[in-house]
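Under UniProt numbering, the final residue of the sequence shown carries the number 331; numbering is consecutive throughout.
Yeah, the Cβ is synthetic: ideal placement off N, Cα and C, and Gly gets one too.
This structure is a prediction, so every number in the text was calculated from the model and none was measured.
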Amino acid sequence: MPPHTGRFREFPEAFRVEEQMAFTPEGDGEHLWLHCEKRNMSTAQLIRHLSHQLEVAPRDIGVSGLKDHTALTRQWVSVAMTGRVTPVDLLALVERDGLRLLSFGRHPRKLRRGVHRANRFALYVSGDAVTQGSLETRWLELVAHGVPNYFGPQRFGHQGSNLTRAQALMARGWKKKQDRDGFLLSSARSFLFNQVLNARIQQGSWASGLEGDVFNLEGSASQFAGEALDDELQARLTALDIHPTGPMWGRGDGGVSGEARMLECHVAERDAVLAKGIESSGAAPMRRPLRLGLQSPSLERDGEGLWLHFSLARGGFATAVLRELFQHPAL
């Protein structure tokens with residue numbers, strides 16, 4: 001645990017997130033893509049606003065990821081405009097207090113979840129961890145060795161309420177009608193992943209790998225099973241080119257074997273209600289990296305605090321980085 005406390009997100013501009021896409025709208029098609037900057041506004045609020053202003057159903061609006069409320073964030077949104085031209089007063093329709101339209105363009109397809117490449121963060125932090133010097137030392141360790149890829153507390157709801165509800169639902173037997181958006185199922189799977197990561201950290205294998213691991217290529221969805229931890233794999237792990245993975249629990253074979261499988265089965269037995277409930281839901285097993293690399297990291301002093309700049313591959317939480325740097329009730 002970090003030795004000192006710290007502060008973050010004291011005002012929206014102190015927590016900046018920008019979605020990084022691998023492509024831009026083609027310029028023609030039935031979907032209008034909007035590049036939006038929002039302040040103190042959740043992605044759900046943005047969707048509701050665009051639905052009302054552009055007179056489309058929320059289901060016809062696409063996003064790649066959900067962005068924080070108390071922050072200054074930039075993300076793409078797609079709006080189905082079949083048979084409709086782009087409104088001449090688009091700027092007036094879209095913009096409001098806390099929302100700016102940065103650019104727009106037409107595209108043939110709806111924006112789907114998880115198609116962004118990464119998120120770029122600029123976070124202002126302060127407090128004892130900065131003034132006592134421990135933060136900079138720990139930051140250099142993260143840059144060199146990577147970050148435990150925990151799901152952030154927002155995945156589990158306010159004071160863990162989603163997880164509490166998920167445990168009760170799994171005990172009764174998961175039903176789609178009781179979890180239509182899948183939030184509770186996601187909380188349960190995320191919790192088991194975090195438990196496996198905890199066990200791997202205690203064992204000392206979260207970054208160095210185990211026999212039977214499945215590895216993830218940094219910054220991509222590419223995964224492969226490592227038959228043995230030979231010198232080549234160890235060198236790639238040290239270079240942060242690949243990362244061991246943990247389970248997003250589901251029904252069926254997760255692809256791991258040997259020591260890695262034994263550890264994951266032990267965690268599942270310890271939390272059998274959640275594991276069996278997830279399996280009964282029919283969720284397919286998936287793998288998630290146990291470690292994150294900080295892409296293009298930098299640090300700069302600003303008054304009594306520090307700006308941290310870095311990118312994380314999609315699915316990574318900035319709070320996973322901050323929890324390694326200082327103590328805070330929200331981490």
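Please specify which runs of the beta strand (DSSP E), each continuous and at least 3 residues long, are wholly inside the stretch 91 to 152, giving them in chain order.
The stretch 91 to 152 contains these whole beta strand (DSSP E) runs: 99 to 107 and 118 to 126.
Starting from L210, trace the beta strand (DSSP E) in both directions and tell me its first and last residue.
Under the DSSP assignment, L210 falls outside any beta strand (DSSP E); it carries neither an H nor an E label.
For V63, does the three-state DSSP call read helix, strand or coil?
Strand.
Ordered along the chain, which non-local residues of its own chain (more than five positions away) have a Cβ less than 6 angstroms from that of Q203?
Hits under 6 angstroms: none found.
M21 versus G219, N162 and G173, residue with shortest Cα-Cα distance
For M21, the nearest C-alpha among the options comes from G219.
I'd like the ranges of any alpha helix (DSSP H) spanning at least 4 consecutive residues and lying wholly in the stretch 40 to 84.
DSSP assignment within the stretch 40 to 84 yields the following whole alpha helix (DSSP H) runs of 4 residues or more, N-terminal first: 43 to 54.
Ordered list of beta strand (DSSP E) runs contained in the stretch 271 to 295, each at least 3 residues
286 to 289, all fully within the stretch 271 to 295.
Assuming T43 and V63 are in contact, meaning their beta carbons sit under 8 angstroms apart, how far apart are those beta carbons, in whole angstroms?
Contact holds; Cβ gap of about 6 angstroms.
A284 to A225, Cα distance in whole Å?
Cα-Cα distance, rounded: 18 angstroms.
Do three or more CB pairs link the stretch 310 to 329 to the stretch 148 to 156 at distances below 8 angstroms?
With a cut-off of 8 angstroms, the stretch 148 to 156 and the stretch 310 to 329 count as touching, because enough Cβ pairs lie within range.
Cβ-based burial, G146 [other Cβ within 10 Å; buried from 16]
Counting Cβ neighbours within 10 Å, G146 comes out buried, since at least 16 surround it.
Buried or exposed (CB count within 10 angstroms, at least 16 for buried), G258:
Burial is judged here by how many other beta carbons sit within 10 angstroms of a residue's own beta carbon; G258 has fewer than 16 and is exposed.
With A166 as the anchor, note down where its beta strand (DSSP E) starts and where it stops.
Here A166 belongs to no beta strand (DSSP E); instead the alpha helix (DSSP H) covers S161 to R172.
List the endpoints of the continuous alpha helix (DSSP H) containing T5.
Premise fails: T5 is in no alpha helix (DSSP H) and is neither H nor E.
Using the three-state DSSP reduction, which class does M21 fall into: helix, strand or coil?
Note: M21 maps to coil in three-state DSSP.
Give a yes or no on whether the C-beta atoms belonging to R288 and F193 are separated by under 9 angstroms.
One thing to note: R288 has its Cβ within 9 angstroms of the Cβ of F193.
If I measure Cβ to Cβ from S78 and keep anything under 6 angstroms in the same chain, skipping five residues before and after, which residues do I get?
When the five nearest sequence neighbours on each side are left out, the beta carbons in the same chain lying within less than 6 angstroms of the beta carbon of S78 are those of H31, W33, G62, K110 and L111, in order along the chain.
Quick one: measure Cβ to Cβ for L299 and E136, integer angstroms, because I've assumed they're closer than 8 angstroms.
Distance from L299 to E136 at the Cβ level is roughly 7 angstroms; contact confirmed, criterion being Cβ atoms closer than 8 angstroms.
Is it the case that the Cβ atoms of L66 and F15 are separated by a distance below 9 angstroms?
No; because the gap between Cβ atoms is not below 9 angstroms, this pair is not in contact.
Can you tell me which of R59, T164, E10 and R138 puts its alpha carbon nearest to the alpha carbon of T70?
That would be E10, whose Cα lies nearest to the Cα of T70.
Opposing strand residues paired with M248 [DSSP bridges]:
Per DSSP, M286.
I'd like to check one pair, V256 with Q195: are the Cβ atoms closer than 9 angstroms?
It is not a contact, given that the beta carbons lie outside the stated cut-off.
Spell out a yes or no on whether the stretch 129 to 143 and the stretch 235 to 255 are touching, meaning 3 or more CB-CB pairs, one atom from each, closer than 8 angstroms.
Counting C-beta pairs with one atom in each stretch, the stretch 129 to 143 and the stretch 235 to 255 have fewer than three that are closer than 8 angstroms, which means they do not touch.
Please return the same chain residues whose Cβ sits closer than 6 angstroms to the Cβ of A313, not counting the five positions on each side in sequence.
Leaving aside the five residues that flank A313 on each side, the residues in its chain whose CB is nearer than 6 angstroms to its CB run, in chain order, A118 and G219.
With contact counted as at least three CB pairs below 8 angstroms, one residue from each stretch, are the stretch 300 to 309 and the stretch 227 to 246 in contact?
Too few Cβ pairs lie closer than 8 angstroms, so no.
Count the CB pairs spanning the stretch 89 to 99 and the stretch 45 to 54 that are closer than 8 angstroms, and state whether there are at least three.
Contact between the stretch 89 to 99 and the stretch 45 to 54 is present, because at least three Cβ pairs lie under 8 angstroms.
Cβ of L263 within 9 angstroms of Cβ of R189?
Going by C-beta atoms, L263 is not nearer than 9 angstroms to R189.
Would you check if the distance between the CB atom of R323 and the CB atom of P108 is smaller than 9 angstroms?
Contact flag unset, no.
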